[in-house]
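Visitor:
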Amino acid sequence: MGDLAQKPLLEKAPTTHAGLLAWVEEVAELTQPDRIYWVDGSEEENTRLTDELVAAGTLTRLNPDLFPNSFAAFSDPADVARVEEQTFICSENERDAGFTNNWMDPREMKDKLRGLFAGSMRGRTMYVIPFVMGHLDAEDPKFGVEITDSAYVVASMRIMANIGTAVLDKITETNAFFVPALHSLGAPLESGQDDVAWPCNPDKWIVHFPEERSIWSFGSGYGGNALLGKKCYALRIASVMARDEGWLAEHMLILKLTSPEKKNYYVSAAFPSACGKTNLALLDPTIEGWEVETLGDDITWMRIGKEGELRATNPEAGLFGVAPGTGWGTNPNAMRAIAKGHSIFTNVALTDDGGVWWEGMTDEVPAHLTDWEGNSWTPDSDKPAAHPNSRFCTPISQIDMLAEEYYSPDGVELSAILFGGRRKTTVPLVTQARSWTNGIFMGSTLSSETTAAAAGQVGVLRRDPMAMLPFIGYDAGDYLKHWISVSGKANPERLPHIFLVNWFRRTADGGFAWPGFGDNARVLKWAIERIEGKADAVETPIGYVPAGHSLDLTGLDLTHAHVEDAVRVDREEWDAELASIEEWYAKFGDSLPDALRAELDSLKERMAKH
Ligand code: GDP
Ligand code: PGA
Ligand code: MN
Ligand code: MN
């Protein structure tokens, strides 16, 4: 096996793409797998791989009467989230990575990685997954090939992206460029060594080479670290492609809103991880006459269309959603999609009848569960049954409310963009920006309390520009300039209206100031009515907030005074906020766009008069 009798295998490779063959051969020589397997994406292949994963103990097959064709995986307790500290942008020049990214010299990093990957697939199968982010028949399809030694990654990538033979054929026919995305669990098996259910390595490295457009990920099997089409490609590498090609790769959902007058509006929203994107994308409105359909829940690619409009598409094919809090009460649309099966759950709890459960799924808590760490669990246990960052991975096609426009390579024209974060105080429920540039300012100063989606402390306030802090693949100041320059090419009349939202503000007694979830449709309604010039607002130094009576509260047990409290701009809180924004902007140094500095200065002036 060592000398890789892989040559003959490569001769049988289902492609003649010289660059791809050379890369696969080079990786095989470095990582020394026992076998090379080209993923075709077929149903039979998926059945075989998931059977093998069940036999290996990585997957638990769920009760098919409850969740057909679905599986649960339980990770190593130290491999449950993205590892931002170990994520690197290795541009040629350190300046191009900017202050928001970890950087190392690309040559030094390559040497280090070659050392780690040397022999890292010994005893394992090396899977080659051809994939495309976005449409295969897009004008300029964004191809990738992930090499991985994890069958769990193959099964998950199959849900999250279009993979397999059709993609490989197109890459081969057109001799296309593809992003080489190399992944290893970093857990080689010596002969005779028993495998574990979730192999991984305590040493984790998630590395991007932006000029080369390549990805090397070592040591983790967790979604955002290992499904390389998602965060690594469709956000970090794509943001660099977008900078060079004049478009935007963003951490946003896309939804379609239909008014009682049957007018359609498309809205995107950027919230940090675990701050409500999937829930808003799948919103079930609680107000009569308004309808929501979904186009995407995590990643949006935007470009200026032929008429100067801002168009958006979702490059993904699946949902990788936060499980806890997703329930029949809060998000019935997600629950229906999940119940159709064909899903992989990671780090949720198991019910005694072979189903899954997590905090918030049902009002009634099961009397007994097996928790995500495999322990017997009862409601008296002092730990949550599901990990706070446990996830469901489900094909987007299973969403009943999927908008047909999801399938259009041209995407949809956006009417509104929301920026939002998780803030207990300070930030009103909703604020309309004064102008497009003022809206970019809102995005650039977006802030949120950290969540379990990334390793590290939870609940720490940090600035998260456009919810892209962990995903901007280049200098953050250049990224803000790019927003200004791309939108400068749009028809100003057709630019979306920008709103800042906060579903997570608390009242004095500690409860949420706003019921959230399906009731967020009321905020969307107000936003649309603002765009149409129909809803009243109060001008504050930070922008326009709803007048108490202008938010539709029909059927809610809330008063106008309650709304006024939820949108209050508190002078003391904002003095502290402005100081913190000032500190944030100082970090950009010369790289901060002048237009945004000017926005901060005029906000300070307005606040002083407030
Ligand atoms: P994403 O990671 O940005 O897609 O966020 P999710 O939609 O998965 O939500 C993350 C967590 O926030 C889940 O536990 C949700 O239940 C919770 N959440 C989402 N929307 C709301 C909301 O409007 N109000 C409140 N209070 N919680 C929400
Ligand atoms: P999320 O996606 O934004 O839905 O949490 C995963 C992540 O950002 O890690
Ligand atoms: Mn995300
Ligand atoms: Mn999500």
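Residue numbers for the sequence shown follow this note's numbering, so the first one is 758 and each next one is one higher. Here a beta-carbon is modelled for each residue, glycine too, at the ideal position from N, C-alpha and C. Just so we're clear, the structure is a prediction, and the values are computed from it rather than from any experiment.
Give a yes or no on whether the C-beta atoms belonging to Trp955 and Gly976 are separated by under 8 Å.
Guide: To locate residue 955, count along the sequence shown from 1; it is residue 198. To locate residue 976, count along the sequence shown from 1; it is residue 219. Contact flag unset, no.
Visitor: Once DSSP output is grouped into helix, strand and coil, what is the label at Ser1165?
Guide: Walking along the sequence shown from the start, residue 1165 turns up at place 408. Three-state DSSP puts Ser1165 in coil, outside helix and strand.
Visitor: Determine the closest residue to Ile1348 out of Ala1233, Glu1356, Thr1311, Asp1276, with distance taken between C-alpha atoms.
Guide: Indexing the sequence shown from 1 puts residue 1348 at position 591. First, the residue type needs correcting, since residue 1348 is Ser and not Ile in the sequence shown. Looking at the Cα atoms, Ala1233 is the closest of the given residues.
Visitor: I'd like the span of the beta strand (DSSP E) that includes Val1187, first residue to last.
Guide: For this step, residue 1187 is matched to residue 430 along the sequence shown. Element bounds for Val1187: 1187–1189.
Visitor: Looking only at its own chain, which residues have a Cβ that is under 6 Å from the Cβ of Ser1138, when we skip the five neighbours before and after it?
Guide: For the purposes of this step, residue 1138 is identified with residue 381 of the sequence shown, where counting begins at 1. So no residue of the chain qualifies.
Visitor: Output the distance between the C-alpha atoms of Lys1020 and Thr1119, rounded to the nearest integer angstrom.
Guide: For the purposes of this step, residue 1020 is taken as residue 263 along the sequence shown, with counting starting at 1. For the purposes of this step, residue 1119 is taken as residue 362 along the sequence shown, with counting starting at 1. Going from the Cα of Lys1020 to the Cα of Thr1119 covers about 35 Å.
Visitor: If you draw a straight line from the alpha carbon of Glu809 to that of Thr817, how long is it in whole angstroms?
Guide: Translated into positions along the sequence shown, residue 809 becomes position 52. Translated into positions along the sequence shown, residue 817 becomes position 60. Looking at the two C-alpha atoms, the distance is approximately 11 Å.
Visitor: Cβ of Asp1055 versus every heavy atom of ligand 6: is any distance shorter than 7 Å?
Guide: Among the ligands in the structure shown, ligand 6 does not appear; only ligand 1, ligand 2, ligand 3 and ligand 4 can be found there.
Visitor: By Cβ distance below 6 Å, which residues in the same chain neighbour Gly1117 in space, the five residues on each side in sequence not counted?
Guide: Start at 1 with the first residue of the sequence shown, and residue 1117 comes out as number 360. Counting only Cβ-Cβ distances below 6 Å, and skipping sequence neighbours, we find Pro1081, Gly1082, Gly1084.
Visitor: Between which two residues does the beta strand (DSSP E) carrying Glu1050 extend?
Guide: Locating residue 1050 in the sequence shown gives position 293, counting from the first residue. Segment 1048–1053, the beta strand (DSSP E) holding Glu1050.
Visitor: For a minimum of 4 consecutive residues, which ranges assigned as the alpha helix (DSSP H) are wholly contained in the region 1000–1057?
Guide: 1034–1038
Visitor: Does Pro1350 pass the burial test, meaning 16 or more other C-beta atoms within 10 Å, or should it be called exposed?
Guide: Position 593 of the sequence shown, counting from 1, holds the residue named residue 1350. Buried.
Visitor: Label Asn1088 either buried or exposed according to how many other C-beta atoms from any shown protein chain fall within 10 Å of its C-beta, with 16 as the threshold for buried.
Guide: Reading the sequence shown from its first residue, position 331 is the one you call residue 1088. By the 10 Å Cβ count, Asn1088 comes out buried.
Visitor: So which of Leu1186, Ala991, Gly978, Asp960 has the shortest CA-CA distance to Ser971?
Guide: The count along the sequence shown starts at 1 and reaches residue 971 at position 214. Checked all of Leu1186, Ala991, Gly978, Asp960; the closest Cα to Ser971 is Ala991.
Visitor: Report the three-state DSSP secondary structure of Pro1253 (helix, strand or coil).
Guide: Within the sequence shown, the letter at position 496 stands for residue 1253. Three-state DSSP puts Pro1253 in coil, outside helix and strand.
Visitor: Would you mind giving the Cβ-Cβ distance between Lys1034 and Leu1067, rounded to the nearest angstrom? I have them listed as a contact below 8 Å.
Guide: Residue 1034 sits at position 277 when you count from the first residue of the sequence shown. Residue 1067 sits at position 310 when you count from the first residue of the sequence shown. That pair is no contact at about 19 Å.
Visitor: Hey, how far is the Cα of Gly1098 from the Cα of Ala918?
Guide: On the sequence shown, position 341 is the one that residue 1098 refers to. On the sequence shown, position 161 is the one that residue 918 refers to. So the two alpha carbons sit approximately 17 Å from each other.
Visitor: Under a three-way DSSP split, which group does Val924 fall into?
Guide: For the purposes of this step, residue 924 is identified with residue 167 of the sequence shown, where counting begins at 1. Residue state, collapsed to three classes: helix.
Visitor: Is Leu761 helix, strand or coil when you go by DSSP?
Guide: Position 4 of the sequence shown, counting from 1, holds the residue named residue 761. Reliability fails at Leu761, whose pLDDT of 45 lies under 50, so the model's placement of it is uncertain and no value is given.
Visitor: Assign Lys1380 to one of two classes, buried (16 or more other C-beta atoms within 10 Å of its C-beta) or exposed (fewer than that).
Guide: Since the first residue of the chain shown is 758 and the last is 1367, residue 1380 is not available in this structure.
Visitor: Tell me, which residues are paired with Gly1075 by DSSP?
Guide: Looking up residue 1075 in the sequence shown gives position 318. DSSP lists Pro1152 as partners of Gly1075.
Visitor: How would you label Phe1176, buried or exposed, when you count the other beta carbons within 10 angstroms and need 16 or more for buried?
Guide: Walking along the sequence shown from the start, residue 1176 turns up at place 419. The residue in question, Phe1176, is buried, as its Cβ has 16 or more Cβ neighbours within 10 Å.
Visitor: Nearest to Ile1153 by CA position, among Asp1055, Val1217, Ile1061, is which residue?
Guide: Start at 1 with the first residue of the sequence shown, and residue 1153 comes out as number 396. Nearest C-alpha to Ile1153: Asp1055.
Visitor: Thinking just about the alpha-carbon of each residue, which of Arg871, Pro945, Lys927 is nearest to the one in Asp897?
Guide: On the sequence shown, residue 897 is found 140 positions in, with the first residue counted as 1. Selected option, being the one with the closest Cα: Lys927.
Visitor: Are three or more beta carbon pairs between the region 1230–1246 and the region 991–1004 nearer than 8 Å?
Guide: yes
Visitor: With H, G and I counted as helix, E and B as strand and the rest as coil, what does DSSP make of Thr905?
Guide: On the sequence shown, residue 905 is found 148 positions in, with the first residue counted as 1. Looking at Thr905 - three-state DSSP - the assignment turns out to be strand.
Visitor: Return yes when the C-beta of Cys957 is under 7 Å from any heavy atom of ligand 1, and no when it is not.
Guide: Sequence index remark: in the sequence shown, residue 957 carries index 200 (1-based). Not one heavy atom of ligand 1 is found less than 7 Å from the C-beta of Cys957.
Visitor: In terms of residues, what are the limits of the alpha helix (DSSP H) holding Gly981?
Guide: Translated into positions along the sequence shown, residue 981 becomes position 224. Counting along the chain, the alpha helix (DSSP H) containing Gly981 begins and ends at 980–983.
Visitor: Ile1299 by DSSP, collapsed to three states: which one?
Guide: Within the sequence shown, residue 1299 is the residue found at index 542, counting from 1. In the structure shown, Ile1299 sits in coil (DSSP, three-state: anything other than H, G, I, E or B).
Visitor: Since Leu1040 and Leu1076 should fall inside the 8 Å C-beta cutoff, what is the C-beta to C-beta distance between them, to a whole number of angstroms?
Guide: Along the sequence shown, one-based indexing puts residue 1040 at 283. Along the sequence shown, one-based indexing puts residue 1076 at 319. Incorrect: roughly 14 Å between the Cβ atoms, too far for contact.
Visitor: Report whether the distance from the Cβ of Gly1131 to the nearest heavy atom of ligand 1 is below 7 Å.
Guide: Indexing the sequence shown from 1 puts residue 1131 at position 374. Because no heavy atom of ligand 1 lies under 7 Å away, the Cβ of Gly1131 does not count as near it: no.
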